[in-house]
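Chains as they are written, first to last, in our numbering: chain F, 1 to 194; chain C, 1001 to 1194.
To keep things clear, I will list the structure first and then write my remarks on it.
Number of protein chains: 2
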Amino acid sequence: MIDKLIQHINSKIENKLSQHDIDLLSDVFRTKKIRKHQYFIQEGDICKIAGFVVKGALKKYTIDDTGKENIFELYIENWWAGDKESFMTDTPTPYYIDAYEDTEMLVISKVDFLSKLNKLSFFSEFNRALTERQSFQLMKRLRSSQTLTAEQKLEELQNTYPEFFQRFPQHIIASYLGMTKETLSRIRSNTLRK
Amino acid sequence: MIDKLIQHINSKIENKLSQHDIDLLSDVFRTKKIRKHQYFIQEGDICKIAGFVVKGALKKYTIDDTGKENIFELYIENWWAGDKESFMTDTPTPYYIDAYEDTEMLVISKVDFLSKLNKLSFFSEFNRALTERQSFQLMKRLRSSQTLTAEQKLEELQNTYPEFFQRFPQHIIASYLGMTKETLSRIRSNTLRK
DNA sequence: AGAGAACGTTGACTTAAATCAACGTTTTAT
DNA sequence: ATAAAACGTTGATTTAAGTCAACGTTCTCT
């Protein structure tokens, strides 16, 4: 199971991992299974672990005062799930993350992350690249959120992460895009008609 | 002039900079002045430099097909201006950055950034912290963009960056918040009335 | 196999914010 | 000093998307 993580890290760094690195990774990551509908984190938690999705699907969202879910991230295989801000700064998370499918993750504690991984040059390089990439994606999403119409947002997501449409139902995709399920449904029937 | 940069970096890292570090920084950063209305970067540029604002104010924006400016970032003293994605990945930027006031910056080339700074542990620590912080802020802004009303967005900005309201006119603030100047004006007159 | 939940669609109506336009005030440049 | 540009406000109108509600279909669990 650690293989998928090794592959993932290898794909993002310059030099392949040594056997020693691999042993160390096997040591600090542990398996965590989350059944459908179960929480990985809940609002108010101070996140002590972060997780790499080996198999399954999850969603990250807030719940507003009317009880509505606002979804911000969707995770499938090879994504990192968690609230990095809560993890790094020891502050309560505003998010929930729960499994939309039965999920298997490799998780690491903050203690191990800081004391064992982050001082390894391969890992800090990997982590830097990942953080940077996430920040580019966030900037793009903010831009889309502020400038695109609902129809354009849908089209962009279909180009960027087509796999989401295979894994999540429409009402979840709609919330991720910041629109209602009704709006998404209408856009789809309009664009099909063309 | 380099003093402001030194102070800024010192405030974000564990151990203070040594004289040697300071000399090195003085060496790789050069001064750049930008007069009001002049560009720092333009759409299509591959950004070869990034800059620290010593004095002045700038805005980062795209221009849509109708010619409208959509503002995404505002920079004043002690902010880093540039398109990091273009800078790091050598891709054309979609943004313009221009000076809203006469501005003085300390700029660094990508070559020096990679070959001289990033291998210094104090700088990579600083850079990591900065990138991480920006990514947290972006997540928060995306969340606000998707879940808050215009009135709530204004209130949040007044709490987060009250200094922007002293430095930029309302129509620029409005665009930064993803609303029109008319909407911002109406919100203000409504909330004053209360 | 059957009940209930989850999901997607459609229609009628509402609403927050955008657009369009006009106008007064302030700032800027020469 | 003065003309032009930049800025902010207000009113009338439009519009994209949200809300509310009903209904049919498809999963899912036991």
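Just so it is clear, CB atoms sit at the ideal spot from N, CA and C, and this is done for glycine as well.
Buried or exposed (CB count within 10 angstroms, at least 16 for buried), residue i
i, result
"Asp83 of chain F", "buried"
"Glu1073 of chain C", "buried"
"Ser114 of chain F", "Reading off the sequence, residue 114 of chain F comes out as Leu, not Ser. With fewer than 16 other Cβ atoms within 10 Å, it is exposed."
"Gly51 of chain F", "buried"
"Lys36 of chain F", "exposed"
"Lys153 of chain F", "buried"
"Ser185 of chain F", "exposed"
"Gln158 of chain F", "exposed"
"Ser135 of chain F", "buried"
Chain-ordered neighbours of residue i on chain C, where CB pairs are closer than 9 Å
i, result
"Thr180 of chain F", "None at all; the shortest Cβ gap to chain C is about 12 Å."
"Asn15 of chain F", "The premise fails here: Asn15 of chain F is roughly 16 Å from chain C at the closest Cβ pair, so nothing lies under 9 Å."
"Asp64 of chain F", "Thr1147"
Proximal chain C residues relative to residue i, where beta-carbon distance stays under 8 Å
i, result
"Ser135 of chain F", "Lys1084, Thr1131, Gln1134, Ser1135 and Leu1138"
"Arg35 of chain F", "Near Arg35 of chain F there are no residues of chain C at all, since even the closest Cβ is about 27 Å away, more than 8 Å."
"Leu142 of chain F", "Phe1072, Leu1138, Arg1141, Leu1142 and Ser1145"
Listed by chain order, chain F residues near residue i by CB distance under 9 Å
i, result
"Leu1114 of chain C", "The premise fails here: Leu1114 of chain C is roughly 13 Å from chain F at the closest Cβ pair, so nothing lies under 9 Å."
"Thr1188 of chain C", "Reading off the sequence, residue 1188 of chain C comes out as Arg, not Thr. The premise fails here: Arg1188 of chain C is roughly 20 Å from chain F at the closest Cβ pair, so nothing lies under 9 Å."
Own chain, CB closer than 8 Å to residue i, minus 5 neighbours either side, in chain order
i, result
"Lys1016 of chain C", "Asn1010"
"Ile6 of chain F", "Leu17, Ile22 and Leu25"
"Glu43 of chain F", "Thr62, Ile63, Pro92, Thr93, Pro94, Tyr95 and Tyr96"
"Glu1156 of chain C", "Ser1144 and Leu1148"
"Phe1122 of chain C", "Ile1009, Ile1013, Asn1015, Leu1017 and Asp1021"
"Ile1071 of chain C", "Lys1059, Lys1060, Tyr1061, Ile1172, Ser1175 and Tyr1176"
"Leu1130 of chain C", "Lys1012 and Trp1080"
Cutoff 6 Å; reference residue i; Cβ partners in own chain excluding five residues on either side
i, result
"Tyr39 of chain F", "Asp98"
"Lys33 of chain F", "Glu104"
"Gln146 of chain F", "none"
"Thr160 of chain F", "none"
"Asp90 of chain F", "Ile46"
"Lys1195 of chain C", "Given that chain C is displayed from residue 1001 to residue 1194, the structure contains no residue 1195 of chain C and the question cannot be resolved."
Beta-carbon proximity list for residue i, same chain, < 7 Å, skipping 5 on both sides
i, result
"Ser1109 of chain C", "Lys1048 and Ile1049"
"Thr1031 of chain C", "Met1001, Glu1104 and Leu1106"
"Ile1076 of chain C", "Val1053, Ala1057, Glu1163 and Arg1167"
"Ala150 of chain F", "Met179, Thr183 and Ile187"
"Phe1087 of chain C", "Cys1047, Ala1050 and Lys1110"
"Trp1079 of chain C", "Val1053"
"Val28 of chain F", "Ile108, Asp112, Lys116 and Leu117"
Beta-ladder partner(s) of residue i, from DSSP
i, result
"Ala1129 of chain C", "According to DSSP, which records beta bridges pairwise, Ala1129 of chain C is partnered with nothing at all."
"Thr103 of chain F", "F:Ile34"
"Glu1043 of chain C", "The partner list for Glu1043 of chain C (beta bridge, DSSP) is empty, contrary to what the question assumes."
"Leu1213 of chain C", "Residue 1213 of chain C lies beyond the range of chain C shown here (1001 to 1194); nothing can be said about it."
"Phe52 of chain F", "F:Trp80 and F:Leu106"
"Asn118 of chain F", "In DSSP, Asn118 of chain F forms no bridge with anything."
"Ile1006 of chain C", "Answer by DSSP bridge pairing: none, since Ile1006 of chain C is not bridged."
"Glu1069 of chain C", "C:Ile1063"
Contact list for residue i against chain C, beta-carbon separation under 7 Å
i, result
"Met105 of chain F", "By Cβ distance, chain C contributes nothing, its closest Cβ being about 21 Å from Met105 of chain F, past 7 Å."
"Arg128 of chain F", "Arg1128"
Check: residue i C-beta below 8 Å from any heavy atom of the ligand PLP
i, result
"Ala174 of chain F", "Among the components of this structure there are no ligands whatsoever, and the ligand PLP is therefore not found."
Contact set between residue i and chain F, taken where Cβ atoms lie within less than 8 Å
i, result
"Leu1088 of chain C", "Per the sequence presented here, residue 1088 of chain C reads as Met, with Leu not at that position. Correct list: Glu132."
The segment 49-57 of chain F in contact with the segment 121-128 of chain F per 3-pair CB rule at 8 Å
no
Answer yes if the segment 170-184 of chain F comes into contact with the segment 1106-1124 of chain C, meaning at least three C-beta pairs across the two stretches below 8 Å, and no otherwise.
no
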